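2 protein chains.
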Amino acid sequence: MTELEKLLGRPNLVAGAERLLYGYDATPAAPVSPPDAAAFPQTAEQVAGILELANRYGFSVIPRGAGTGLTGGARPVEGGLVLSTERMNRVLEIDERNLQAVVQPGVVTAALQAMVEKKGLFYPPDPASRESCTIGGNLAENSGGPRALKYGVTRNFVLAAQVDLPRGQLVRLGARTVKSVAGYDLLSLLVGSEGTLGIFTEATLRLLPLPPARSTLLAVFEDLEAAARSVGAILHAGLLPCAIEFMDASAIRCVEQYEPCGLPESAQAILIVEFDGGQAQVAQDARAAGGVLDAQGAVSVEIAEDAQRAAALWKARRAAGPALARIAPLKVNEDIVVPVAQLAKA
Amino acid sequence: MTELEKLLGRPNLVAGAERLLYGYDATPAAPVSPPDAAAFPQTAEQVAGILELANRYGFSVIPRGAGTGLTGGARPVEGGLVLSTERMNRVLEIDERNLQAVVQPGVVTAALQAMVEKKGLFYPPDPASRESCTIGGNLAENSGGPRALKYGVTRNFVLAAQVDLPRGQLVRLGARTVKSVAGYDLLSLLVGSEGTLGIFTEATLRLLPLPPARSTLLAVFEDLEAAARSVGAILHAGLLPCAIEFMDASAIRCVEQYEPCGLPESAQAILIVEFDGGQAQVAQDARAAGGVLDAQGAVSVEIAEDAQRAAALWKARRAAGPALARIAPLKVNEDIVVPVAQLAKA
């Protein structure tokens, strides 16, 4: 502890009762399992120093972003030191000409999105917890979110990173270009390794131009199968929404009881379908998707032309997790992924 | 050799003078270095069998697609066995509902593209050699092509694969869903490993809906810097072309002398810019890009409205490699990748 204090400074180390706060994450129904201490390094060199001490003295290190993970990735098992990146939270650079941002791992995902959007740029990955989760955690878990359908997951937006390897070595992986095909892709191996292969201490993320317009549809179904079938039908019609979200009757009722969002409570299923792109294009896509949904048996299709209504629909979708957690605290999230054509069976 | 013959059948093994054909690839200016033999397995099990024999008898195995690589990836160094995937060339499945294709490694890239396009689908990676290169080689080299700017490289389109590891074990990596975030991403590690970590014997590729329209611009510059600057300006204007190609004066003249394509021979540089998407969108994007190019100082901007003119422009770009090879047979391809903002310096 003395050596850790010397390395980090006393305010960046917690060993008292507060450490209990780092004994759990968003994974429901898991008992609190406090670490022996929690550390808040502010530089990659401090992270390396912590890992060196861990190797020397044989204690375990549990890297942690914002603790919003649902699969136990940031929880201690038997004591050890939680290494939180929350104080490494600066956006170091937004390179508008090369469509890139260089960030520290503790930057909150939604904060980065807001910053780049002000400059007409776009960071697509949008995990449900984006208002509180951090880029470092997104990298460690390879987070997705509804836009993965069109844009891919976090891995597709990392160009380069600085990583602290378990023995304390600092390495830089990747390159600041979209195409980087020389050598083994160790960066992709690190992304999604849940902190077991290294700790991200800096990342260069790929940005896109911000799509100027978006259009959101709400389709209501009295038949679950028809709703599921519609997803494939939309793609098959040559349409590529930036997101398609599916909610069944129990999810709808659960959300409405938790926080009324105006969803149709009697529906068997709803689909939220969103397009982004140029103004003319999203309007055309929304009309075409409306036609497909009608043909598949939707009882109603609403095109949310204004941003307010669209935001309400997405709020409903984001509320599904917490709403469900309230009525079913023992729920274990599986975060299943199924091929589009098998959606009805899932 | 007897054991190899027993494994593969005599017609699938070449040890006579024909083996010289496998002593080089498209890498210019490298001496022919023939293997001791070339093998043409037709199943993953035969590939595994070859690798087992290689381990037992200690000979080297050089995996080879179509040999179109420019970096020596398919060349023997000191004898050994070239393992060519050219007879594993079947498209096993095109799954229209899930937007996927399952292919053997020897399928020619352009052949797959043509097959899926007939069904209204789209396989974006387009290495310059796509008329002859194979998917297996694309995977081994993580091939790009001009569409990488918008769509990414081969790695972004592989969902799953069957791989024969060096000791002869057959493994399946990845999953048939767009999002697959459980476990280490060993598939990404294999892609681009140039055959050193394993041999792809089957791949499940991600497809997109075929964009219904495309629009191609040719901008002519008398100033190299202005042309380079325009690339960043287009992206900065919120436009995302599916391809931007840059050719300087010597590349233009070189192509026109090799095969006249109607390029302006007196220009200092040209840019070819292409958009794909909905009809209304590509027209709007092309107009907007035209405005940007004018503002950056292009002396002329032509929008190739018909497919024939666009094809001529792309033919010119694809001819640049062979044209240059003819006048400079000692050229070593570096396949450099630079951040967009540093283009003029490269």
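Chains A and B, in that order, give the protein sequences. Read the first sequence against numbering that gives the first Met the number 0 and you will find it ends at 345, with the numbers running on by one and no gaps. Read the second sequence against numbering that gives the first Met the number 0 and you will find it ends at 345, with the numbers running on by one and no gaps. C-beta atoms are modelled at their ideal positions from N, C-alpha and C, and glycine is treated no differently. Quick caveat, the model's predicted, so the values are computed rather than measured.
Cutoff 7 Å; reference residue i; Cβ partners in own chain excluding five residues on either side
i: B/GLN295; result: ALA225, ARG228, SER229 and ALA232
i: A/VAL90; result: ALA100, VAL102, VAL106, LEU111 and MET114
i: A/ALA43; result: GLN161, ASP163, LEU169, THR200 and GLU201
i: A/GLY261; result: ALA311
i: B/GLU92; result: ALA100 and VAL101
i: A/ALA287; result: ALA236 and LEU238
i: B/ASN141; result: VAL152, THR153, ARG154, VAL190 and GLY191
i: B/GLU333; result: Since pLDDT at B/GLU333 reaches only 47, below the 50 mark, its modelled position is unreliable, and no value is offered.
i: B/LEU19; result: VAL31 and PRO33
i: A/LEU185; result: LEU172
Under the three-state DSSP convention, the category residue i falls into
i: B/PRO10; result: helix
i: B/ASP163; result: strand
i: A/VAL230; result: helix
i: B/LEU213; result: The residue you asked about is not Leu; residue 213 of chain B is Arg in the sequence shown. Residue state, collapsed to three classes: strand.
i: A/THR153; result: helix
i: A/GLY48; result: helix
i: B/GLU4; result: helix
i: B/ASP125; result: coil
i: B/GLN112; result: helix
i: A/ARG63; result: strand
i: A/ARG175; result: coil
i: B/GLU140; result: helix
i: A/SER299; result: strand
i: B/ALA16; result: helix
i: A/ALA236; result: coil
i: A/THR206; result: Per the sequence shown, the amino acid found at residue 206 of chain A is Leu instead of Thr. If DSSP states are grouped into helix, strand and coil, A/LEU206 belongs with coil.
i: B/SER83; result: strand
i: A/LEU292; result: helix
i: B/VAL254; result: helix
i: B/ASP94; result: strand
i: A/GLN99; result: strand
i: B/ASP284; result: helix
i: A/GLU193; result: coil
i: B/VAL331; result: Residue placement at B/VAL331 is flagged as unreliable, the pLDDT there being 46, under the threshold of 50; a coordinate-derived value is accordingly withheld.
i: A/LEU69; result: coil
i: B/LEU169; result: strand
i: B/GLU244; result: strand
i: B/LEU262; result: coil
i: A/ALA225; result: helix
Spatial neighbours of residue i in its chain, beta-carbon cut-off 6 Å, leaving aside the 5 residues before and after
i: A/GLU221; result: GLN267 and VAL298
i: B/VAL46; result: PRO40, ASP163, ILE198 and THR200
i: A/ASP275; result: PRO210, ARG213 and CYS241
i: B/ARG129; result: THR108 and ALA109
i: A/GLU244; result: PRO145, ILE271 and ARG316
i: B/ARG63; result: ALA73, VAL81 and SER83
Residue i, buried or exposed, once every other Cβ within 10 Å from all chains shown has been counted against 16
i: B/ASN54; result: exposed
i: A/GLY290; result: exposed
i: B/GLN280; result: buried
i: A/GLU77; result: exposed
i: A/TYR150; result: buried
i: B/GLN283; result: buried
i: B/VAL157; result: buried
i: B/GLY182; result: exposed
i: B/THR133; result: buried
i: B/THR67; result: buried
Beta-carbon proximity list for residue i, same chain, < 8 Å, skipping 5 on both sides
i: A/GLU4; result: LEU12
i: B/ALA147; result: PRO124
Chain D contact for residue i (CB, 8 Å cutoff)
i: B/PRO208; result: You won't find chain D in this structure, because its protein chains are A and B.
### Message
Count Cβ pairs between the stretch 207 to 218 of chain B and the stretch 300 to 310 of chain B that sit closer than 8 Å; are there 3 or more?
### Response
These segments touch.
### Task
Scan the stretch 105 to 136 of chain A for residues whose Cβ lies nearer than 8 Å to a Cβ of chain B and list them as they occur along the chain.
Legend: CB atoms of the stretch 105 to 136 of chain A lying less than 8 Å from CB atoms of chain B belong to residues GLY119.
#### Entry: chain B contacts made by the stretch 146 to 164 of chain A, where a contact means CB separation under 8 Å
Per Cβ criterion, the list reads ALA147, LEU148, GLY151, VAL152, ARG154 and ASN155.
### Query
the stretch 212 to 232 of chain B: which residues have C-beta closer than 7 Å to a C-beta of chain A, in chain order?
Answer set for the stretch 212 to 232 of chain B: GLY231.
#### Entry: Segment contact, 8 Å Cβ cut-off, at least three pairs: the stretch 116 to 127 of chain B with the stretch 169 to 176 of chain B
Under the three-pair Cβ rule at 8 Å, the stretch 116 to 127 of chain B does not count as touching the stretch 169 to 176 of chain B.
#### Entry: Residues of the stretch 271 to 296 of chain A whose Cβ lies closer than 8 Å to any Cβ of chain B, in chain order
Residues GLY276, GLY277, ALA279, GLN280, GLN283 and ASP284.
### Message
Taking contact to mean 3 or more Cβ pairs, one atom from each stretch, closer than 8 Å, check whether the stretch 27 to 37 of chain A and the stretch 73 to 87 of chain A are in contact.
### Response
At 8 Å Cβ cutoff, the stretches touch.
### Query
If contact means a Cβ-Cβ distance below 7 Å, which residues of the stretch 85 to 96 of chain A contact chain B?
Taking 7 Å as the Cβ-Cβ cut-off against chain B, the residues of the stretch 85 to 96 of chain A that qualify are GLU95 and ARG96.
### Contact list for the stretch 19 to 38 of chain A against chain B, Cβ threshold 8 Å
Answer in chain order: no residues at all.
### Message
If the cut-off is 7 Å on Cβ atoms, which residues from the stretch 233 to 263 of chain A count as contacting chain B, listed in chain order?
### Response
The stretch 233 to 263 of chain A vs chain B, Cβ under 7 Å: LEU234, HIS235, GLY237, LEU238 and LEU239.
### Task
Determine which residues of the stretch 182 to 200 of chain B have a Cβ less than 8 Å from any Cβ of chain A, and write them out in chain order.
Cβ proximity to chain A below 8 Å picks out GLY182, TYR183, ASP184, LEU185, SER187, LEU188, VAL190, GLY191, SER192 and LEU196 from the stretch 182 to 200 of chain B.
#### Entry: Selection of the stretch 45 to 65 of chain A by Cβ proximity to chain B, strictly under 8 Å
Close to chain B, meaning a Cβ-Cβ distance shorter than 8 Å, is no residue of the stretch 45 to 65 of chain A at all.
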